[in-house]
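Novice: I am attaching a structure below and will ask some questions about it afterwards.
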Amino acid sequence: MKRNNFLDVLKGICILLVILTHFDWVEAERLKYFFFFFLNPAVPIFMITSGYVYTESFKRKDVSTFKQAYALKGIVDKAIRYTVPLLLIFALEVPLKMLVFQKTLSVGEILNQFWQGGWGPGSYYYTYMMQFIFVFPLIYFAIRKWDFKGLVYCGLANVLYEVFKAVTMMSGDTFRLIVLRYIFAMALGCYFSMGKYKIKKWMAVASFVFGAIFIYAVCYAGYKPLIFFRWARTSMLAVFYIAPITYWLIKNCKWECKPLALIGKASYNVFFVQMVYFHMANRIFDGVEGNFGGMLTAYTICIVLGLLFYKIETPITKKVLSWNAKLFEKK
Numbered sequence: 000m001k002r003n004n005f006l007d008v009l010k011g012i013c014i015l016l017v018i019l020t021h022f023d024w025v026e027a028e029r030l031k032y033f034f035f036f037f038l039n040p041a042v043p044i045f046m047i048t049s050g051y052v053y054t055e056s057f058k059r060k061d062v063s064t065f066k067q068a069y070a071l072k073g074i075v076d077k078a079i080r081y082t083v084p085l086l087l088i089f090a091l092e093v094p095l096k097m098l099v100f101q102k103t104l105s106v107g108e109i110l111n112q113f114w115q116g117g118w119g120p121g122s123y124y125y126t127y128m129m130q131f132i133f134v135f136p137l138i139y140f141a142i143r144k145w146d147f148k149g150l151v152y153c154g155l156a157n158v159l160y161e162v163f164k165a166v167t168m169m170s171g172d173t174f175r176l177i178v179l180r181y182i183f184a185m186a187l188g189c190y191f192s193m194g195k196y197k198i199k200k201w202m203a204v205a206s207f208v209f210g211a212i213f214i215y216a217v218c219y220a221g222y223k224p225l226i227f228f229r230w231a232r233t234s235m236l237a238v239f240y241i242a243p244i245t246y247w248l249i250k251n252c253k254w255e256c257k258p259l260a261l262i263g264k265a266s267y268n269v270f271f272v273q274m275v276y277f278h279m280a281n282r283i284f285d286g287v288e289g290n291f292g293g294m295l296t297a298y299t300i301c302i303v304l305g306l307l308f309y310k311i312e313t314p315i316t317k318k319v320l321s322w323n324a325k326l327f328e329k330k
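Per numbering that gives the first Met the number 0, residue 0 is the first one in the sequence shown, and the count goes up by one each step.
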């Protein structure tokens, strides 16, 4: 099965958008430049592509049972790939946090923050991906068995989680750490890879229009959703806007750009670097001005250090994976 190299380019574009959206923009600028339509969808696109990539991997390995999907070695391998980069960046972030913020952290605080992915914008992403390892097989087998109905069931699960959050008045801090709010986006990626029911053009157009209207209503018309009120701009209803665009890009775009592809391959590392940078920047640089110079600085630091981090981290992770392989060979 030939690998879709455009996915790396797409991830490269998305991580550039993530950096841009975390820059010091005022709300008026975000509204003026329509950021909610082309910056906010970056993380939902990451979740869609993650579902797509995992499905392609399951198909290559011919995963057909839960026993295969939840094989211990595979789970540990995935956990290693997500955890080693965080361990490395966290080892730098903790002393930097204490130095810059003049704050002493207890062991409990450090361990708790590690599970939450560190500090800074997007720190929940590590926690999401660790949960993703266990949630994805349920999505995969639902769509494998029921096809389009499986996608609908995943959407209903997403709605039920949002209802549960609303009824229980779940705190924002808790809600942001639970990956179920993106279960529909993950399922879309899975369906784009293996769905048999061909999505009609009118369905794609209707999805785009519905999502665009929802985003406009929330961001420009003052609409306050009764259920999807936390992070509404990237909620399931907003995902309807970006879903058909992502589908078309994955299925039809063959654009190759080596610099963007490289950034895409290193996107997880770049994500961690931008997280630390934006958390510390205002303290270290005595304010990050919302101008072109500040934006160029942010991009330069995050991309250059992110790529360097990728080069350093990759061989370390491969080494840990080889140790894990040897450990399972002895069993």
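Note that the Cβ used here is the ideal one computed from N, Cα and C, for glycine as well.
#1: With L85 as the anchor, note down where its alpha helix (DSSP H) starts and where it stops.
#2: In angstroms with no decimal places, state the Cα-to-Cα distance between Y139 and V99.
#3: Can you list, in chain order, the residues of its chain whose CB lies under 6 Å from that of Q130, leaving out five sequence neighbours each side?
#4: Who are the near neighbours of I142 in its chain, counting only those whose CB is closer than 7 Å to its CB and skipping five residues on each side?
#5: What is the DSSP secondary structure of R229, reduced to helix, strand or coil?
#6: Straight-line CA distance for M337 to F308?
#7: Mind checking which residues open and close the alpha helix (DSSP H) that includes K317?
#8: Between which two residues does the alpha helix (DSSP H) carrying D172 extend?
#9: How would you call I315, buried or exposed, if buried means at least 16 neighbouring beta carbons within 10 angstroms?
#10: Just to check my reading of the structure: A297 and V238 have Cβ atoms closer than 8 Å, yes? What is that Cβ distance to the nearest angstrom?
#11: Between the alpha carbons of K250 and T48, how many angstroms are there, rounded?
#12: Check whether the Cβ atoms of M274 and G119 lie closer than 8 Å to each other.
#13: Report all residues from its chain with a CB closer than 8 Å to the CB of M97; omit the five preceding and five following residues, and keep chain order.
#14: Would A231 be called buried (16 or more neighbouring beta carbons within 10 Å of its own) or exposed?
#15: For Y219, which three-state DSSP category applies?
#16: Might you give, ordered along the chain, the residues of its own chain that have their beta carbon closer than 7 Å to the beta carbon of D146, omitting 5 neighbours on each side?
#17: Classify C153: buried if its beta carbon has 16 or more other beta carbons within 10 angstroms, exposed otherwise.
#18: Output the distance between the C-alpha atoms of F277 and V83, rounded to the nearest integer angstrom.
#19: Shortest alpha-carbon distance to A90 belongs to which of F22, F271, Y69, V217?
#20: Spatial neighbours of Y222 within its chain, please: C-beta separation below 6 Å, excluding the five flanking residues on both sides.
Specialist: Let's see:
#1: 71-100
#2: 44 Å
#3: V178
#4: G149, L150, A186, C189, Y190, M193, G194
#5: coil
#6: Because the chain is modelled from 0 through 330, residue 337 falls outside the range shown and cannot be assessed.
#7: 291-329
#8: 171-174
#9: exposed
#10: Between V238 and A297 the Cβ distance is about 27 Å, and since that is not below 8 Å, they are no contact.
#11: 12 Å
#12: yes
#13: T103, L104
#14: buried
#15: coil
#16: G194, K195, Y196
#17: buried
#18: 21 Å
#19: F271
#20: A216
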